[in-house]
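Q: Protein chains in written order, with the numbering used here: chain A, 1 to 441; chain B, 1001 to 1572.
Every residue gets a Cβ at the ideal spot worked out from N, C-alpha and C, and that includes glycine.
1) Just list the residues that DSSP pairs residue 453 of chain A with in beta bridges.
2) I need the straight-line Cα distance from residue 1419 of chain B to residue 1523 of chain B, nearest angstrom please.
3) Taking residue 282 of chain A as the query, report the chain B residues whose CB atoms sit under 7 Å from its CB, ordered along the chain.
4) Is residue 52 of chain A helix, strand or coil by DSSP?
5) Taking its Cβ as the centre, do 16 or more other Cβ atoms sit within 10 Å of residue 275 of chain A, making it buried, or is it exposed?
6) Nearest-angstrom Cα distance between residue 1316 of chain B and residue 1069 of chain B?
7) Note down, in chain order, every chain D residue with its Cβ under 9 Å from the Cβ of residue 37 of chain A.
8) Helix or strand or just coil, what does DSSP make of residue 121 of chain A?
9) Would residue 1002 of chain B pass as an interface residue toward chain A - the criterion being a Cβ-Cβ separation below 8 Å?
10) Going along the chain, which residues of its own chain have a beta-carbon closer than 8 Å to the beta-carbon of residue 1197 of chain B, five neighbours each way excluded?
11) Taking residue 371 of chain A and residue 252 of chain A to be in contact with their CB atoms under 8 Å, please state how far apart those CB atoms are, rounded to whole angstroms.
12) Tell me, to the nearest whole angstrom, how far the beta carbon of residue 247 of chain A is from that of residue 308 of chain A; I am working on the premise that it is less than 8 Å.
13) Any idea which residues DSSP pairs residue 1243 of chain B with across the strands?
14) Any idea if residue 1019 of chain B is buried or exposed, counting beta-carbon neighbours within 10 angstroms, 16 or more meaning buried?
15) Taking only beta carbons into account, state which residues of the stretch 414-438 of chain A come closer than 7 Å to chain B, listed in chain order.
16) Put residue 433 of chain A into one of helix, strand or coil per three-state DSSP.
17) To which residues does DSSP link residue 1136 of chain B through a beta bridge?
18) For residue 202 of chain A, which of helix, strand or coil comes out of DSSP?
19) Can you give the Cα-Cα distance for residue 1053 of chain B and residue 1118 of chain B, rounded to whole angstroms?
20) Do you know offhand how far residue 272 of chain A's Cα is from residue 1547 of chain B's?
21) What residue does the alpha helix (DSSP H) around residue 33 of chain A start on, and which one ends it?
22) Give the single residue among B:1313, B:1167, B:1006 whose Cα lies nearest to the Cα of residue 413 of chain A.
23) Compare the C-alpha of residue 960 of chain B against each of B:1163, B:1135, B:1176 and name the closest.
24) Between the stretch 1273-1305 of chain B and chain A, which residues of the former have a C-beta closer than 8 Å to a C-beta of the latter?
25) Over the uninterrupted alpha helix (DSSP H) stretch that includes residue 1506 of chain B, give me the two end residues.
26) Do you know whose CA, among A:95, A:324, A:433, lies nearest residue 360 of chain A's CA?
27) So, at 8 Å on beta carbons, what are the nonlocal neighbours of residue 1276 of chain B in its own chain, with the 5 sequence-adjacent residues on each side left out?
28) By the 9 Å beta-carbon criterion, what residues does the stretch 251-263 of chain A contribute toward chain B?
29) Check for me: the alpha helix (DSSP H) holding residue 1005 of chain B runs from which residue to which?
30) Residue 1215 of chain B by DSSP, collapsed to three states: which one?
31) List the residues of chain B whose Cβ lies closer than 8 Å to the Cβ of residue 401 of chain A, in chain order.
32) Do three or more CB pairs link the stretch 1429-1437 of chain B to the stretch 1244-1259 of chain B at distances below 8 Å?
33) If you pair each beta-carbon of the stretch 1076-1087 of chain B with each one of the stretch 1110-1127 of chain B, do three or more pairs fall below 8 Å?
34) Select from B:1310, B:1390, B:1024, B:1129 the residue whose C-alpha is nearest the C-alpha of residue 1230 of chain B.
35) Using a C-beta to C-beta distance shorter than 7 Å, which residues of chain B count as neighbours of residue 345 of chain A?
36) Check the Cβ of residue 295 of chain A against every Cβ in chain B and list those closer than 8 Å, keeping chain order.
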């Protein structure tokens, strides 16, 4: 950072700190491909319904009155149906799924347009775009969290047997009737008129329990078998990625924000503020954090996945707080800080716009490792059976595997957790090495 | 040094106090109420009077009738009490239309609030009972008075021995309580009976009015001390953690009883971690960037990311219980294993074992020859390493081959800390072996994660010092390489990992919850989990306090050892 500012360079050729870091990161092949694997997992999370859902994208059937009806039930009602996707996390990812074509087009257009601009402008634009994008995403999630209401599943028909097509037909029959109940005559009539339909790759539900197929073995129908309530394990595993990734992202953002604010304030103002922050850190360090989190989650009457996130976020901020505080103590005496203060900029601006950007790199490493440990924590909680019962978490599958000694239910979720956690750890190590000048050759 | 230790210990006191405040606050703010699992709202009114009374006593015993932090009940106004009484009374009135009546949950809440206010409500209740215009109010207030005006016995819920004077006082209080308890009447009692009882109360109140007048000092002490927190801390200073909701046994004794299992587990783990991690770290630092170092790095990295509960469940199912999983089609299921064993075991097992043994011996011979023929490599350390590798390979191969042949290897017990007949029939040595046998899997699950982290730190710690000037000096003096590494480099390079001891302990305590539950070890973690599920607040408080105390001690130990090892750290 500081050595770059000494030289006078043409603004177009100036290489920013982050582009150096990115270049270093790309040299580490394992971490680089690990990053792409994480992108793959994110895509898997977004497109989970395309992979596993027991309702068709598209269905054509002869209307009892004579005509032909074509429906796209996903986009007309299923993706945002709280009775089908009980968990807010799923609704959020479905929103992203529904908007993803639009976003892809917008992104592509912007990429093309910006490609002709000068490098510096382009970089500034991308930076803003990333900030805006994260802001919008977070705002969406928070809105959904606030809107989250525990609606009872009043008109959801738990379909115990039969094919998915029948299930869909029954849903359609339900929508024809006014009272929200399946009209058996109409359903039978519809069933004989269905012409074509396209189903997802694995036409299995992640939450419908099928009591006639409890603990079935691995087969073509159930790729990883079923659990003790007859739910398809493959579908649950796929939706589990959503839970793990959200937990990682949200919990870590919460504690990073808390840690940055506390650490920055302590490190910038020093004196009694600093010692207060230090005391708080010390107190938090004395709690065995897993036990504390376990107790907190278990004492909530109906914990949702967001409770788990908030609790993890509120208990683990000590790491980033100490890191940011240390960086602030180090940077506090530097000339650019003195210059910023001398030019009469408000203190909050000095802290957040001048010092903080230079103190962020260790936090980035901490955050990447933090995602891994948050995923581990959540699956540990779900493994113990505390946590959101409506979330198809990997830990919960593993718990069922333990109770029933079913190896498929132990191995696959365990390996999924292992893979995700090690990917995040790999990328974290890659970033750390890229940021650490000592490692550069 | 001594001064430093004392100062450090004294600094722990305020920290511990704040920790306990936070835990207390969190537990008491938590929704859900202890002692009434599964009973809420409406069902409370239909409870028998007996159950209500026993719940009131329960609340008194656990101080749940008191406010959490600050008690301002001496400032109660008559209007507040009147309102509460009104809510409680209006429900039973015949002449009030149903639409105007409060909801039943509000009535229950008002009743409970009155109950919780206890003796602080007595003056106002008395005032309502003797001269409220509405007879229903008078009736209800009188009823409440018979409970609230009772004085609490000394040492009611404790088993401590009472002195003679205290016993005397208790019997007086008891007599008075019995008399007061009878001063009530039915809702539709005749005026004469009411009059008589009201007179009784008048006489009693004029005699004892001074009990309900609080001086400034009284108010101050009530404000702080007559609260849940005050009571809890008062008891805590006497090392009394309260009693469990479930079996009314003292928490501290129970926790200490469970602690021995957890301590055994944690200490075995910590010792193993350091014993294995330091040599591993030194090894990979000395051979930085060699193939062995890179392989070790990859393995340790994978171990670091493996969730311990997954490994625990997996090992339990593979090495202690037979799996319900076919490793290949046609593999015998759990129920067939015995049958299968009879037919194949002798020949199949023997042949595989023999093949593995021959391969291992061949490897040993080849590696030994390679080492022996090269005079530079001919060190005892190399022979030892080769032998250890051969032994590990042999053991792993036998276990894995047996796993593939029979689907399970019942090498270890399925759970618990010791066999059920351990105490009675075993000698001490057998007992020790039995415990070790039970602890192999759980300790392994707890160890490998910490091992991976610590050995990385050991590696980088040693790398930091190995290029220092004094190492070059030592080499230049002509010291042998092992002496340089072990005596000069390792001692200094290991200082950073000493501080990790403090952070290792809390993570071990946390991690052992899951491991204890998986392996059925009746330690503190399992106890905590069970108590959380039954909302046994005192136990949860106790366990949390004890574990954070352990953490504090761990931090203290690491600080002190840090200071002991590194003379550059001053105590000023």
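A: On the basis of the coordinates in this document:
1) Shown here, chain A extends from 1 to 441; a query on residue 453 of chain A therefore has no answer.
2) 15 Å
3) Near residue 282 of chain A (Cβ distances below 7 Å), the residues of chain B are 1015.
4) strand
5) exposed
6) 46 Å
7) No chain D appears in this structure, whose protein chains are A and B.
8) helix
9) no
10) 1142, 1183, 1184, 1185
11) In this structure residue 371 of chain A touches residue 252 of chain A by the C-beta definition: roughly 5 Å separates them, less than 8 Å.
12) Indeed they touch by this definition, with Cβ atoms about 7 Å apart.
13) B:1250
14) With a 10 Å radius around the Cβ and a threshold of 16 neighbouring Cβ atoms, residue 1019 of chain B comes out buried.
15) Within the stretch 414-438 of chain A, the residues whose Cβ lies closer than 7 Å to some Cβ of chain B are 414, 417, 418, 421, 422, 425, listed in chain order.
16) DSSP places residue 433 of chain A in helix when its eight states are reduced to three.
17) Looking at the DSSP assignment, residue 1136 of chain B forms no beta bridge with any residue, so it has no partner.
18) Reduced to three states, the DSSP call for residue 202 of chain A is strand.
19) 13 Å
20) If you take the alpha carbons of residue 272 of chain A and residue 1547 of chain B, they lie about 29 Å apart.
21) 29-46
22) B:1313
23) Past the boundaries of the shown model lies residue 960 of chain B; chain B is included only from 1001 to 1572, so the question cannot be answered.
24) Cβ contacts with chain A: 1301, 1302, 1304, 1305.
25) Where residue 1506 of chain B is concerned, the enclosing alpha helix (DSSP H) stretches over 1495-1519.
26) When only C-alpha atoms are compared, the closest one is A:324.
27) 1447, 1451, 1455
28) none
29) 1002-1029
30) coil
31) Going along chain B in sequence order, the residues near residue 401 of chain A (Cβ under 8 Å) are 1313.
32) no
33) yes
34) B:1024
35) Ordered by position in chain B, no residue passes the 7 Å Cβ test against residue 345 of chain A, which lies about 36 Å from the chain.
36) Neighbours of residue 295 of chain A on chain B, chain order: 1026, 1027, 1528, 1532, 1540, 1544.
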